[in-house]
Amino acid sequence: MKEYSVVGKRLPRIDSPAKAMGQAKYAADLVLPRMLHGKVLRSPHPHARILNIDTSQAEGLPGVKAVVTGKDTKGVKFGGWRAFTQLIDQYPLCMDKVRYIGDEVAAVAAVDEDTAEEALDLIRVDYEPLQAILDPEAAMKEGAPRIHEEVERNICWSRFIEFGNVEEGFARSDYVREDNFSLQTQAYAPTEPRACLASFDHAGRLTIWTSTQCPYPVQCQLAAALGLREGDVRVVQPFLGGGFGAKFELFPYEVCCSLLAQKTGRPVKMMYTRQEEFSASRTRHAMKIWLKTGFKKDGTLMARQARAVLDGGAYTSFGPTVTFTAGFFHTLLYRLPNYKYEGYRVFTNKPPSSGMRGIGAVQPFFAGETQMDMVARDLGIDPIELRLKNARQPNEVIPKLTTVNSCGLSECLTKVGESTRWHERQSKLPPGRGIGIACAGQQSGGAFNWFRTRLAFSNARVRANDDGTVVLFAGAADIGQGSSTVLCQILAEELGVRFEDVSIVAADTGTTPVDIGTWGSRVTFQAGNAVRAAAIELKKQLFAVVAPKLNADPVDLDIKDRKIFAKGRPEPSMPFPEAVTAAQAANKGKILEVAGSYHPEGKGIVSPAYSFVAVVAEVEVDRETGQVKVDRLTVAHDCGQPINPMSVEGQVEGSVHMGLGYALTEQVVSEKGEMLNPSFLDYRIPTALDMPEVKIIEVITDEPEGPFGAKEAGEGCVAPVAPAIANAIYDAIGVRVKDLPITPEKVLKALREAQPNS
Amino acid sequence: MQQRQRIIELNVNGETHTLAVEPQRTLLEVLRDNLGLTGAKRGCDQGYCNACTVLVDGKAVNSCLILAVRAQGKRITTIEGLSHNGRMHPLQEAFVNRGAIQCGFCTPGMVLTAKALLDANPDPSEMQIRRAISGNLCRCTGYVKVVEAIKEAARVLKTGGAA
Ligand code: FES
Ligand code: FES
Numbered sequence: 001m002k003e004y005s006v007v008g009k010r011l012p013r014i015d016s017p018a019k020a021m022g023q024a025k026y027a028a029d030l031v032l033p034r035m036l037h038g039k040v041l042r043s044p045h046p047h048a049r050i051l052n053i054d055t056s057q058a059e060g061l062p063g064v065k066a067v068v069t070g071k072d073t074k075g076v077k078f079g080g081w082r083a084f085t086q087l088i089d090q091y092p093l094c095m096d097k098v099r100y101i102g103d104e105v106a107a108v109a110a111v112d113e114d115t116a117e118e119a120l121d122l123i124r125v126d127y128e129p130l131q132a133i134l135d136p137e138a139a140m141k142e143g144a145p146r147i148h149e150e151v152e153r154n155i156c157w158s159r160f161i162e163f164g165n166v167e168e169g170f171a172r173s174d175y176v177r178e179d180n181f182s183l184q185t186q187a188y189a190p191t192e193p194r195a196c197l198a199s200f201d202h203a204g205r206l207t208i209w210t211s212t213q214c215p216y217p218v219q220c221q222l223a224a225a226l227g228l229r230e231g232d233v234r235v236v237q238p239f240l241g242g243g244f245g246a247k248f249e250l251f252p253y254e255v256c257c258s259l260l261a262q263k264t265g266r267p268v269k270m271m272y273t274r275q276e277e278f279s280a281s282r283t284r285h286a287m288k289i290w291l292k293t294g295f296k297k298d299g300t301l302m303a304r305q306a307r308a309v310l311d312g313g314a315y316t317s318f319g320p321t322v323t324f325t326a327g328f329f330h331t332l333l334y335r336l337p338n339y340k341y342e343g344y345r346v347f348t349n350k351p352p353s354s355g356m357r358g359i360g361a362v363q364p365f366f367a368g369e370t371q372m373d374m375v376a377r378d379l380g381i382d383p384i385e386l387r388l389k390n391a392r393q394p395n396e397v398i399p400k401l402t403t404v405n406s407c408g409l410s411e412c413l414t415k416v417g418e419s420t421r422w423h424e425r426q427s428k429l430p431p432g433r434g435i436g437i438a439c440a441g442q443q444s445g446g447a448f449n450w451f452r453t454r455l456a457f458s459n460a461r462v463r464a465n466d467d468g469t470v471v472l473f474a475g476a477a478d479i480g481q482g483s484s485t486v487l488c489q490i491l492a493e494e495l496g497v498r499f500e501d502v503s504i505v506a507a508d509t510g511t512t513p514v515d516i517g518t519w520g521s522r523v524t525f526q527a528g529n530a531v532r533a534a535a536i537e538l539k540k541q542l543f544a545v546v547a548p549k550l551n552a553d554p555v556d557l558d559i560k561d562r563k564i565f566a567k568g569r570p571e572p573s574m575p576f577p578e579a580v581t582a583a584q585a586a587n588k589g590k591i592l593e594v595a596g597s598y599h600p601e602g603k604g605i606v607s608p609a610y611s612f613v614a615v616v617a618e619v620e621v622d623r624e625t626g627q628v629k630v631d632r633l634t635v636a637h638d639c640g641q642p643i644n645p646m647s648v649e650g651q652v653e654g655s656v657h658m659g660l661g662y663a664l665t666e667q668v669v670s671e672k673g674e675m676l677n678p679s680f681l682d683y684r685i686p687t688a689l690d691m692p693e694v695k696i697i698e699v700i701t702d703e704p705e706g707p708f709g710a711k712e713a714g715e716g717c718v719a720p721v722a723p724a725i726a727n728a729i730y731d732a733i734g735v736r737v738k739d740l741p742i743t744p745e746k747v748l749k750a751l752r753e754a755q756p757n758s
Numbered sequence: 001m002q003q004r005q006r007i008i009e010l011n012v013n014g015e016t017h018t019l020a021v022e023p024q025r026t027l028l029e030v031l032r033d034n035l036g037l038t039g040a041k042r043g044c045d046q047g048y049c050n051a052c053t054v055l056v057d058g059k060a061v062n063s064c065l066i067l068a069v070r071a072q073g074k075r076i077t078t079i080e081g082l083s084h085n086g087r088m089h090p091l092q093e094a095f096v097n098r099g100a101i102q103c104g105f106c107t108p109g110m111v112l113t114a115k116a117l118l119d120a121n122p123d124p125s126e127m128q129i130r131r132a133i134s135g136n137l138c139r140c141t142g143y144v145k146v147v148e149a150i151k152e153a154a155r156v157l158k159t160g161g162a163a
């Protein structure tokens, strides 16, 4: 591996002292003079027609400054799917119909939160309840009532993938099996309930500080919703208390907050309650998956066929991408000659589902990797060997979809097996104890331009000052994953300066160049490439000025430790600050500032690169209570060249924590469209006591497309946790649970069914 | 609606503040809204996430669950009171250096909960650490590096590195 000075180092994050000392300001912490507080009135019905809204009493309440309903909006729908405008389907405030419990109906601005809350109670809405459709399979039936009038059979999006010939593949298989899997609704549950603060200036320009992962798409959508020009809307991301996909889009409350600020001429702040964050945001798609797979006796994978039905909830959100990736991921891990997929995302009267950490990955990988274990047992092949036999290798093409460059899957499998002494222990542990394996892979950001932006997905500007400091301006948003630190490392490495010389201004559409946002593990890779491009350009400009002074050709120059010199000849050299001064002088005092960009041009429709991971879970199962205890998770992860190994570990640990919750405890429970557990008491994310030991094994590959060989890190690790645990449970007690979460009741039921007479 | 306000005295981070507050205001609200001490976070306002943790007479409490008027006459420490002139407490340093902070929303509560633990028990076992922070929810870190950071801070504090 190459030797780097800043890349690959375990550096503390640049923003963590501010966070440790309580100085970091999140959206809810912001205050402006004469600020009002806003609240949203939400629908109590899963599906109903709005007959009338009477706001007069609320408006008369002392302290209330404005009330808005759908009539006060432009009456246009918003959404991110500018590439397929039929998918833009949400109003800032419902016009004629409400489609889930929590849908936005009206909003109020008042002098304080309590008054705003009180005003909500005074708004009278007459509804005509409509039949609620809660089950996606029922919603797809011919003649089912429609949730969106123009959408037939409530099918929001369908996606088909096909290559090879599955019929032939199955016919040539010695062994074929079919299984059904069921995946629950998971809540994002970031610890920060979202908030925003909107303020208009004298010229009618809006600034909004908001809990978002995607300032630029929010800027564009907000401008459209308000009838403003994009350039008149500035979106600033303060510190963000976790996203995981939950804060990826423009949300109706941000439009309402802006409208109220416009109407009152005063800044307005809105803060979600915890209950709203659970029930009026987004969820991970619940999914039903049918999976059929064929193998040769020797374990060669011959064909796979899958059908997925996704519970979409009330609006499109990022669902179409999930519908696609839920089919794509069945093709990623193993060499697969024949494949056929049909996926249907269906509207229901529930909160909209969207892309959550491990987007459209955790569901297919649970199905695929659980089934892989069953196949291994049936064919009498060791589960690791079966996977190794079929494992994806570097530089392979997945027909019609993508190319995989670097791929360390086989190494992940081998290493995780060695580390856990797999071969000595699998099927050989004492009763009640088990060990299971599963794999996954993840994209390094999307390549498909769903937002139809004319600009490159990632842009960066770099300014060099003559005191030796360097400032990076990047639109990319750090949402807690540490991207600002990683981008500074990439810049420092390429520029040959110290990490502490670099500072960053990020995620502010008023001052930083466009970035498509933080989703799908794209920032290190795509924004990292943009930053690197800017650094290369900066060096080019510096070298052009410095070359004559060092009696060298610009192409022969290099920079290291803040000194510019000719390659292979350390002296004479010129210190970086002096070089910047010289460059400024040569340009009549012009600031030395350059731009760089990256767009995944010509990288297929999925992603330019993929990470891989293999996880081994070790569990104890209590046959009496059905309780599952996870003792250890060993994770071998190929993320290319880690830019900051400490951050990578943190991402992996957080991901497996989320995967653990998904496997065992987390589930949105709802009845008649109402979420019954919208609190941290009733919705159980694992605590410090539930967390097992996590052992991480780095598998380093060199991704040719990535900055310094880096690619996606951590997100992919959420997906294999549940199947690894499910497979370990089978190893422990010999029963399969194919629907998540694996609760004690389901374990006991499976045990009873396995031994009907005992 | 507005209730009659009461004049209270709060001792926060060693300073006494005289404040007019409505009797139903929680300590969290008063710290954040009246004193601008936004380090304590409103993660749920229901007592289930511990993002709002502050120290009251050295004990970690959920500031969203106690009324400000009830906190009179007690010593309150918020995360802002743990560092001095930008010099971090060993716990804060350990959280930074060990990578225990991701989004940071849970961090003030975690650090203060750990502070209360280490003040009472300078040499906690891993289990005792996990138990102490088991009410502090974190969606980012899986608690791995948080536990490591608390262990490290305990070591540093024992060898006299107290801030
Ligand atoms: S805000 Fe107090 S416990 Fe969550
Ligand atoms: S660091 Fe994000 S919640 Fe703990």
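Going down the list, the protein sequences come from chains A and B. Under our numbering, the first residue of the first sequence carries the number 1, and numbering increases by one thereafter. Under our numbering, the first residue of the second sequence carries the number 1, and numbering increases by one thereafter. All residues carry an ideal CB built from backbone N, CA and C; glycine is no exception.
Could you give the first and the last residue of the continuous beta strand (DSSP E) run that contains residue i?
| i | result |
| --- | --- |
| H657 (chain A) | H657 (chain A) -> not in any beta strand (DSSP E); alpha helix (DSSP H) instead, spanning 645 to 664. |
| F576 (chain A) | From DSSP, F576 (chain A) is part of no beta strand (DSSP E) but of the alpha helix (DSSP H) over 576 to 586. |
| W209 (chain A) | 206 to 210 |
Establish whether the CB of residue i and some CB of chain B are separated by less than 9 Å.
| i | result |
| --- | --- |
| E192 (chain A) | yes |
| S483 (chain A) | no |
| G517 (chain A) | no |
| S281 (chain A) | no |
| A710 (chain A) | no |
| L197 (chain A) | no |
| H637 (chain A) | no |
Against chain A, does residue i count as a neighbour if the rule is that its beta carbon must be under 9 Å from one of theirs?
| i | result |
| --- | --- |
| A162 (chain B) | With a pLDDT of 49 at A162 (chain B), under the threshold of 50, the predicted position of this residue should be treated as unreliable, though the coordinate-derived value follows. Cβ-Cβ to chain A under 9 Å: no for A162 (chain B). |
| S125 (chain B) | no |
| R155 (chain B) | no |
| I7 (chain B) | no |
| I79 (chain B) | yes |
| A60 (chain B) | no |
Assuming contact is defined by CB atoms lying nearer than 9 Å, are residue i and residue j in contact in what I supplied?
| i | j | result |
| --- | --- | --- |
| R461 (chain A) | P513 (chain A) | yes |
| G99 (chain B) | R10 (chain A) | yes |
| D126 (chain A) | L93 (chain A) | no |
| S353 (chain A) | G327 (chain A) | no |
| M356 (chain A) | G142 (chain B) | no |
| N62 (chain B) | G47 (chain B) | yes |
| Q584 (chain A) | D501 (chain A) | no |
| A477 (chain A) | G517 (chain A) | yes |
In this structure, how does DSSP classify residue i when only helix, strand and coil are distinguished?
| i | result |
| --- | --- |
| D89 (chain A) | coil |
| F295 (chain A) | strand |
| M271 (chain A) | strand |
| E93 (chain B) | helix |
| F239 (chain A) | strand |
| S134 (chain B) | coil |
| R13 (chain A) | coil |
| N154 (chain A) | helix |
| A116 (chain B) | helix |
| Q186 (chain A) | strand |
Within the continuous alpha helix (DSSP H) that includes residue i, where are the two ends?
| i | result |
| --- | --- |
| S16 (chain A) | 16 to 20 |
| F347 (chain A) | First-last for F347 (chain A): 338 to 347, but that is the beta strand (DSSP E), not the alpha helix (DSSP H). |
Would you mind giving the Cβ-Cβ distance between residue i and residue j, rounded to the nearest angstrom? I have them listed as a contact below 8 Å.
| i | j | result |
| --- | --- | --- |
| V656 (chain A) | L633 (chain A) | 5 Å |
| L759 (chain A) | R49 (chain A) | This structure leaves residue 759 (chain A) out entirely; chain A is present only between 1 and 758. |
| P267 (chain A) | S199 (chain A) | 4 Å |
May I ask whether a heavy atom of ligand 4 can be found less than 8 Å away from the beta carbon of residue i?
| i | result |
| --- | --- |
| N62 (chain B) | Within the structure as shown, ligand 4 is missing, the only ligands being ligand 1 and ligand 2. |
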